[in-house]
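Chains as they are written, first to last, in my numbering: chain A, 57 to 204; chain B, 57 to 204; chain C, 20 to 96. Backbone N, C-alpha and C define an ideal beta-carbon position, used for all residues, glycine too. To start, the structure under review is shown below, and the notes come after it.
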Amino acid sequence: MDNEITLSFIAKSENEALARMVMSSFIAAIDPTIEELSEFKTVISEAVTNAIVHGYEEDGVGKIEIHAQRLDREIVVSIVDYGRGIRDVSQAREPLFTTKPEQERSGMGFTIMESFSDDVEIYSIPDRGTTVTITKRFVPIQESSRIV
Amino acid sequence: MDNEITLSFIAKSENEALARMVMSSFIAAIDPTIEELSEFKTVISEAVTNAIVHGYEEDGVGKIEIHAQRLDREIVVSIVDYGRGIRDVSQAREPLFTTKPEQERSGMGFTIMESFSDDVEIYSIPDRGTTVTITKRFVPIQESSRIV
Amino acid sequence: IGEIQRFLRDDGMVKISRSIRELNFKIRHATDDFLKKHERQPTILELASILEVSREEIVMATDALRDPASLQEQLYE
Ligand SMILES: Nc1ncnc2c1ncn2[C@@H]1O[C@H](COP(=O)(O)OP(=O)(O)O)[C@@H](O)[C@H]1O
Ligand SMILES: Nc1ncnc2c1ncn2[C@@H]1O[C@H](COP(=O)(O)OP(=O)(O)O)[C@@H](O)[C@H]1O
Ligand SMILES: [Mg+2]
Ligand SMILES: [Mg+2]
């Protein structure tokens, strides 16, 4: 393990920006491109927002933990909440599926997480909480320029 | 309590920047000036550096925890290590006192923390660890411009 | 400077470290201007609105003044 942190914070929307910044600093050692960083922040943002709005449904009542590990250019991040959980995980993953259409949620959160990362695992127990574990490998700059 | 976070990380120098960043994001809600932000970061930096170089003496062997609370414009931050501890706390606080003169340490860490904050408390048990608790009140902008 | 800015805008592959340095430079200028005009330091929100970036970007960029290597150097010099 090259590095490892745990961040624990109150589930409120103000802290979604905090979580994004902490994760940005955590991957600074990788020196990502602007695009990679912005994709990674989007992934974190979707997962943390889900924990706040679906996990707890109300600002300021619960706790969220983020556990992140880095090994060379691979990051594994778990976003943990102790909220209401997800009854049907494969349904939740489906594009456009949302249980909060009234709040203008798009139902695209998990789809976005999947497309901007290498792996998304969801572990959830109803009324106990949800852990979303995201793996992201950052390609060294030489390789990515070959692809582009 | 307006907000509250806990960060736990490996005691290594790369994470001193991370800790600074996390605390910067945490106080962003107060909307400090760049100068206030930079003073506050210096305080965090001195405390975290102490935990790394004096608490554990070696990179990557121990854990550091930062616990921060915000109430309106007041921040209380504790920096905790489980390292060698401080035998004589009042001596350690003295300007220019250092147990590592060979590493070009200035012995001014605690003096800097004190001058850039409103209160610094040190609680330490030899061979058990050290907790440094810093209180900082941010003056609203109207008042500070009146002073200037 | 114009050339660097264009490069930063056009190319998603630019290293974040470089774009942060660029913003840092702008922050210093904006702070000087603000000080002259208002005789006090700008807050990070004021800088964010002047430079049309987010508060987070201001916080990130001002931190780049001290790179993580500096402590390493202090430790092993
Ligand atoms: N942390 C969570 N706790 C409880 N339910 C969740 C959580 N994350 C996601 N869900 C469920 O999965 C659904 C799909 O999530 P997502 O793809 O992000 O879409 P959206 O957030 O727009 O609804 C949500 O509507 C919600 O029912
Ligand atoms: N977290 C800590 N664990 C053990 N000893 C510490 C810790 N923080 C400070 N000290 C002791 O207090 C002394 C003074 O600290 P400081 O004022 O920061 O000066 P410096 O770090 O330059 O030595 C250190 O030299 C060290 O002996
Ligand atoms: Mg969502
Ligand atoms: Mg010191």
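Considering only heavy atoms of ligand 3, does any lie closer than 6 Å to the CB of residue i?
| i | result |
| --- | --- |
| Gly-118/A | no |
| Asn-106/B | no |
Using a threshold of 6 Å, is the CB atom of residue i nearer than that to any non-hydrogen atom of ligand 2?
| i | result |
| --- | --- |
| His-110/B | yes |
| Ser-134/A | no |
| Phe-166/B | yes |
| Ile-217/B | The displayed coordinates of chain B run from 57 to 204. Any statement about residue 217/B would go beyond what the structure contains. |
| Thr-187/B | no |
| Ala-148/B | yes |
| Thr-155/A | no |
Since residue i contacts residue j with CB under 8 Å, what's their CB separation in whole angstroms?
| i | j | result |
| --- | --- | --- |
| Ser-38/C | Ile-90/A | 6 Å |
| Asp-87/B | Thr-62/C | 5 Å |
| Gly-163/B | Phe-172/B | About 16 Å separates the two Cβ atoms, so there is no contact after all. |
| Phe-65/A | Ile-120/A | 6 Å |
| Ser-180/A | Ile-135/A | The Cβ separation is near 12 Å, so there is no contact. |
| Met-77/B | Asp-82/C | 6 Å |
| Thr-186/A | Asp-137/A | 5 Å |
| Arg-126/B | Asn-71/B | 22 Å between Cβ atoms; not a contact. |
| Glu-75/C | Ala-124/A | Rounded, the Cβ-Cβ distance is 18 Å, inconsistent with contact. |
| Ala-75/B | Val-117/B | In fact, because the Cβ distance is near 17 Å, the residues do not count as touching under 8 Å. |
| Ile-46/C | Leu-64/C | Not a contact, Cβ separation roughly 13 Å. |
| Pro-182/A | Arg-149/A | Not really, about 16 Å apart at Cβ, beyond 8 Å. |
Output the distance between the C-alpha atoms of residue i and residue j, rounded to the nearest integer angstrom.
| i | j | result |
| --- | --- | --- |
| Phe-166/A | Thr-62/A | 22 Å |
| Val-104/A | Ser-146/B | 43 Å |
| Ala-84/A | Ile-108/A | 26 Å |
| Val-99/A | Met-169/A | 5 Å |
| Thr-155/A | Glu-95/A | 25 Å |
| Pro-196/A | Leu-93/A | 13 Å |
| Asn-106/B | Asp-175/B | 17 Å |
| Gly-111/B | Val-132/B | 21 Å |
| Lys-97/B | Gln-159/A | 38 Å |
| Ser-69/B | Pro-157/A | 46 Å |
| Ile-122/A | Arg-193/B | 28 Å |
| Ser-73/C | Ala-67/C | 6 Å |
| Val-78/C | Ile-178/B | 28 Å |
| Lys-55/C | Ala-80/C | 22 Å |
| Asp-144/A | Arg-161/B | 57 Å |
| Glu-58/C | Arg-184/B | 48 Å |
| Glu-130/A | Ile-190/A | 10 Å |
Is residue i close to chain C, meaning its C-beta is less than 7 Å from at least one C-beta of that chain?
| i | result |
| --- | --- |
| Ala-73/A | yes |
| Met-77/A | yes |
| Asp-87/A | yes |
| Ile-90/A | yes |
| Ala-107/B | no |
| Ala-103/B | no |
| Ala-148/B | no |
Taking only beta-carbon positions, decide if residue i is within less than 7 Å of chain A.
| i | result |
| --- | --- |
| Lys-34/C | yes |
| Glu-130/B | no |
| Glu-1/C | This structure does not reach residue 1/C, given that chain C is present from 20 up to 96, and the question cannot be answered. |
| Ile-122/B | no |
| Thr-191/B | no |
| Ile-61/B | yes |
Can you find a C-beta in chain B that's less than 7 Å from the C-beta of residue i?
| i | result |
| --- | --- |
| Asp-82/C | yes |
| Arg-40/C | no |
| Val-72/C | no |
| Leu-54/C | no |
| Ser-81/A | yes |
| Ile-66/A | yes |
Compute the minimum distance between the beta carbon of residue i and the heavy atoms of ligand 1, and state whether it is under 6 Å.
| i | result |
| --- | --- |
| Gly-163/A | yes |
| Asp-137/A | yes |
| Ile-142/A | yes |
Could you tell me whether any non-hydrogen atom of ligand 6 is closer than 6 Å to the CB of residue i?
| i | result |
| --- | --- |
| Pro-196/B | You won't find ligand 6 in this model; what it holds is ligand 1, ligand 2, ligand 3 and ligand 4. |
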